[in-house]
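Below is one structure, written out as structure tokens; the observations come after it.
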Amino acid sequence: MSYALPLSLHQVGLTFAIVFGVIVYRVSTAAALAMSSNPSARANVRVTVTATAVIINLVVILILDEVYGCIARWLTQIEVPKTDKTFEERLIFKAFLLKFVNAYTPIFYVAFFKGRFVGRPGDYLYIFGSFRMEECAPGGCLMELCIQLSIIMLGKQLIQNNLFEIGIPKMKKLIRYLKSRRQKYMDHEEHVKRKQRYELDYDLEPFAGLTPEYMEMIIQFGFVTLFVASFPLAPLFALLNNIIEIRLDAKKFVTELRRPVAVRAKDIGKSLCT
């Protein structure tokens, strides 16, 4: 337990540091494009900076989401909970904390903090003494928030929730299959009997629990409800994603994962209250 809090705070601090790094990228890139000799570059500074910064945020979110999931499980394991229920509750809490901060920090910055600390004429705030702190467009940050939310939400749903869920188990199954073929070749087995069904199932990816599935829905629900005013199509895209994901999850659980061990439970635990 003594390791969990400092490491969790360290990961939260890492997320804030990355967001600050993206802010530095935005202001430095905006300054460079504003001084460009290309008229087209000068005319599209805000769109270029916003789009590239959001893509960087999306890539960082996808990477850190996988890392934070592993860290949350590792932190829970070193606590050695006495029961499976306690293990799941602590895992859900840590995973939610880290993934919530990771997914929503860039969006919260644009929605609530961007343009609030630019200073005033004659006393502007500068980063590293060279770059003025960025501010919103004359009409506000709503359009930028819409771009940020749409790219992050659709990117997470398409890449992480769909491609990763099917692609990673398939890739791991292929690696296990190639390793087993190589082992047979090295052993010079001429007559190999046909594998039984349970032996083939052993090459599948182990079932890791339902916590990642619940986390996807919780984060998606936040995208749909918290910032729907800036991106009104969010509920529609969430519905389309869930229709597709139902079929992909069915295929994943039936063909790509080992059969889970049936465990009785009263409810879905802390995920119901998250």
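Residue numbers for the sequence shown follow full-length UniProt numbering, so the first one is 1 and each next one is one higher. Think of the CB as a built atom: it goes at the ideal place given N, C-alpha and C, for glycine as much as any other residue. Since this is a predicted model, take the numbers as computed values, not measurements.
Distance cut-off 7 Å: residue i Cβ against heavy atoms of the ligand SAH
{"i": "glutamate 66", "result": "No copy of the ligand SAH appears in this structure; indeed no ligand is present at all."}
Three-state secondary structure assigned by DSSP to residue i
{"i": "glutamate 205", "result": "strand"}
{"i": "phenylalanine 131", "result": "strand"}
{"i": "glycine 167", "result": "helix"}
{"i": "alanine 262", "result": "coil"}
{"i": "leucine 257", "result": "strand"}
{"i": "arginine 194", "result": "coil"}
{"i": "alanine 229", "result": "coil"}
{"i": "arginine 116", "result": "coil"}
Cα-Cα separation between residue i and residue j, rounded to whole angstroms
{"i": "valine 54", "j": "isoleucine 152", "result": "7 Å"}
{"i": "serine 123", "j": "valine 60", "result": "The sequence shown places aspartate at residue 123, not serine. Using only the alpha carbons, I get a separation of about 33 Å."}
{"i": "leucine 174", "j": "alanine 34", "result": "49 Å"}
{"i": "glutamate 245", "j": "leucine 257", "result": "16 Å"}
{"i": "leucine 75", "j": "isoleucine 219", "result": "21 Å"}
{"i": "proline 138", "j": "glutamate 144", "result": "12 Å"}
{"i": "isoleucine 78", "j": "valine 67", "result": "17 Å"}
{"i": "glutamate 159", "j": "methionine 217", "result": "Looking at the sequence provided, one finds isoleucine at residue 159 rather than glutamate. Their backbone Cα atoms lie some 15 Å apart in a straight line."}
{"i": "residue 285", "j": "aspartate 201", "result": "For residue 285 there is no data in the structure shown, the boundaries of the chain being 1 and 274."}
{"i": "lysine 82", "j": "arginine 73", "result": "15 Å"}
{"i": "aspartate 267", "j": "arginine 176", "result": "35 Å"}
{"i": "glutamate 213", "j": "aspartate 65", "result": "13 Å"}
{"i": "phenylalanine 93", "j": "phenylalanine 87", "result": "10 Å"}
{"i": "proline 169", "j": "serine 40", "result": "45 Å"}
{"i": "phenylalanine 221", "j": "lysine 85", "result": "24 Å"}
{"i": "glutamine 148", "j": "arginine 247", "result": "28 Å"}
{"i": "residue 311", "j": "valine 27", "result": "No answer is possible for residue 311: it lies beyond the span of the chain, which begins at 1 and ends at 274."}
{"i": "arginine 182", "j": "lysine 172", "result": "15 Å"}
{"i": "glycine 209", "j": "alanine 262", "result": "11 Å"}
{"i": "proline 6", "j": "methionine 215", "result": "22 Å"}
{"i": "leucine 58", "j": "threonine 52", "result": "10 Å"}
{"i": "alanine 265", "j": "phenylalanine 100", "result": "26 Å"}
{"i": "aspartate 249", "j": "glycine 167", "result": "12 Å"}
Alpha helix (DSSP H) segment containing residue i, residue limits
{"i": "glycine 155", "result": "142-155"}
{"i": "phenylalanine 96", "result": "84-108"}
{"i": "isoleucine 268", "result": "Per DSSP, isoleucine 268 belongs to no alpha helix (DSSP H) and is neither H nor E."}
{"i": "proline 212", "result": "211-226"}
{"i": "phenylalanine 237", "result": "234-251"}
{"i": "serine 40", "result": "39-43"}
Inter-residue CB distance, residue i and residue j (contact presumed, cutoff 8 Å)
{"i": "phenylalanine 231", "j": "serine 150", "result": "5 Å"}
{"i": "alanine 95", "j": "threonine 211", "result": "6 Å"}
{"i": "serine 8", "j": "leucine 98", "result": "7 Å"}
{"i": "glutamate 135", "j": "alanine 30", "result": "The Cβ separation is near 10 Å, so there is no contact."}
{"i": "tyrosine 25", "j": "isoleucine 56", "result": "7 Å"}
{"i": "residue 351", "j": "leucine 154", "result": "There is no way to answer for residue 351, as the model of the chain reaches only from 1 to 274."}
{"i": "asparagine 38", "j": "glutamine 157", "result": "About 35 Å separates the two Cβ atoms, so there is no contact after all."}
(request) Determine, using beta-carbon pairs with one atom in the region 161-175 and one in the region 119-133, whether at least three such pairs fall under 8 Å. (result) no
(request) Check whether the region 13-20 touches the region 115-124, counting contact only when three or more Cβ pairs, one atom from each stretch, lie closer than 8 Å. (result) no
(request) Give a yes or no on contact between the region 45-62 and the region 3-13, applying the rule of three or more CB pairs nearer than 8 Å. (result) no
(request) Kindly confirm or deny that the region 100-108 and the region 219-227 touch, where touching means at least three C-beta pairs closer than 8 Å. (result) yes
(request) Would you be able to state if there are at least three C-beta pairs under 8 Å between the region 199-207 and the region 249-265? (result) yes
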